[in-house]
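Peer 1: If you scroll down you'll find the structure; I have some questions about it.
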Amino acid sequence: MNILIKYFVILIISFIVFVSNAQKTENSLLWKIEGDSIKTSYLFGTIHLIPQEDFIITPKVQQAFDASEVVALEIDMADPGFMKEVMEFSYLKDGEELKSFMDDNEYTLLDNYLRKHSATGIAPYQKAKPFLLMSAIMTSMVSKKAASYELSLIGMAKKSKKEIEGLETFASQVAIFDSQPYDEQIDGLIEMLEDAKKTKELYLKMVKFYKDEDISGMYDYMDEYLGKDPEMTKKLLDDRNNNWIGKIEAYSKKDAVFYAVGAGHLAGKQGVINLLKKKGFKVTPIFN
Numbered sequence: 004m005n006i007l008i009k010y011f012v013i014l015i016i017s018f019i020v021f022v023s024n025a026q027k028t029e030n031s032l033l034w035k036i037e038g039d040s041i042k043t044s045y046l047f048g049t050i051h052l053i054p055q056e057d058f059i060i061t062p063k064v065q066q067a068f069d070a071s072e073v074v075a076l077e078i079d080m081a082d083p084g085f086m087k088e089v090m091e092f093s094y095l096k097d098g099e100e101l102k103s104f105m106d107d108n109e110y111t112l113l114d115n116y117l118r119k120h121s122a123t124g125i126a127p128y129q130k131a132k133p134f135l136l137m138s139a140i141m142t143s144m145v146s147k148k149a150a151s152y153e154l155s156l157i158g159m160a161k162k163s164k165k166e167i168e169g170l171e172t173f174a175s176q177v178a179i180f181d182s183q184p185y186d187e188q189i190d191g192l193i194e195m196l197e198d199a200k201k202t203k204e205l206y207l208k209m210v211k212f213y214k215d216e217d218i219s220g221m222y223d224y225m226d227e228y229l230g231k232d233p234e235m236t237k238k239l240l241d242d243r244n245n246n247w248i249g250k251i252e253a254y255s256k257k258d259a260v261f262y263a264v265g266a267g268h269l270a271g272k273q274g275v276i277n278l279l280k281k282k283g284f285k286v287t288p289i290f291n
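Position 248 of the sequence shown, counted from 1, bears residue number 251 in this note's numbering, the numbering being contiguous throughout.
Structure follows, in structure tokens:
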């Protein structure tokens, strides 16, 4: 499974395991962060896309949200400059077209799939980088009607007039995609379509783990499915997690913050929970 597919498993499903000595973590998606130098804050693990019927803001999450002054997501999608950044980094260079990175059979397969599941075909994506095409395909596989915790939290923040921050930029996420040749990314798309049933089964299993808040179960299952890949771990998880710790400390020194990141970033030796503990903060699970 190539980098593009693995990354979207993380982005959309939000669970990943690549550590050889997995640490058992209490089963909770919500954690309290405390320390002498910061205001009490909260860390919530999200799943970026989930069937609408499975979406819920639990009472404990709502209480933590209400107790916070600021909401911090992986990316501040409410920032006025966000869409400008999306337009700048999501499209191919002038003169390039997506079809030049695939053969006729691949083009036909992708076009037919999109016509069947999104009614658009591949034509609207000709100037887009492959990850936008991947996003459309993955979304179609998730559910006919999906919900987003990030978009819901943005709406809640705006309604309650809470400031929104970001832990990284859209450009930094796109850089991960750009590290792999586009033709290889297209190969990943084809691989995913040819194994669509397995991809959907993976997603549904992860939704079950998410609803059960079963972090240990997620570790065991994803480790078995994706295999250990230290380079992938570093690029997609470890480096990003470590980059976030300084920002979490800085934000929480000023305000009580509700942090919401993909649940796959929480556990493990290089997970956000353990990294915060290593910095001297008290991080405890909230069960109800």
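Note that beta-carbon positions come from the ideal geometry of N, C-alpha and C, so glycine has one too.
1) Suppose contacts are defined by Cβ-Cβ distances below 8 Å. Is GLU216 in contact with SER71 by that definition?
2) When we look at the beta-carbon of ASN115 and count the other beta-carbons within 10 Å, is it buried (16 or more) or exposed?
3) Got a sec: is the Cβ-Cβ distance from GLY265 to anything in chain D below 8 Å?
4) I'd like to know if the stretch 90-99 and the stretch 170-179 are in contact, where contact means that at least 3 CB-CB pairs between them fall below 8 Å.
5) Along the alpha helix (DSSP H) that carries SER44, what are the first and last residues, could you check?
6) So for ALA122, helix, strand or coil by DSSP?
7) Considering only their Cβ atoms, is the gap separating VAL73 from PHE47 smaller than 8 Å?
8) Contact defined as beta carbons within less than 8 Å: I believe GLU252 pairs with ILE41. What is the distance between those atoms, to the nearest angstrom?
9) Going along the chain, which residues of its own chain have a beta-carbon closer than 6 Å to the beta-carbon of GLN273, five neighbours each way excluded?
10) Any idea what DSSP makes of LYS214, helix, strand or coil?
11) Closest to TYR185 by C-alpha separation, out of GLY169, LEU136 and LYS211, would be which residue?
12) Does the stretch 47-59 come into contact with the stretch 205-216, if we say contact requires no fewer than three beta-carbon pairs (one atom in each stretch) closer than 8 Å?
Peer 2: Quick answer:
1) no
2) exposed
3) Annotation note: the requested chain D is absent from the structure, which comprises a single protein chain.
4) yes
5) Unbroken run through SER44 is the beta strand (DSSP E), 44-49; no alpha helix (DSSP H).
6) coil
7) no
8) 7 Å
9) ASP241 and ASN244
10) helix
11) LEU136
12) yes
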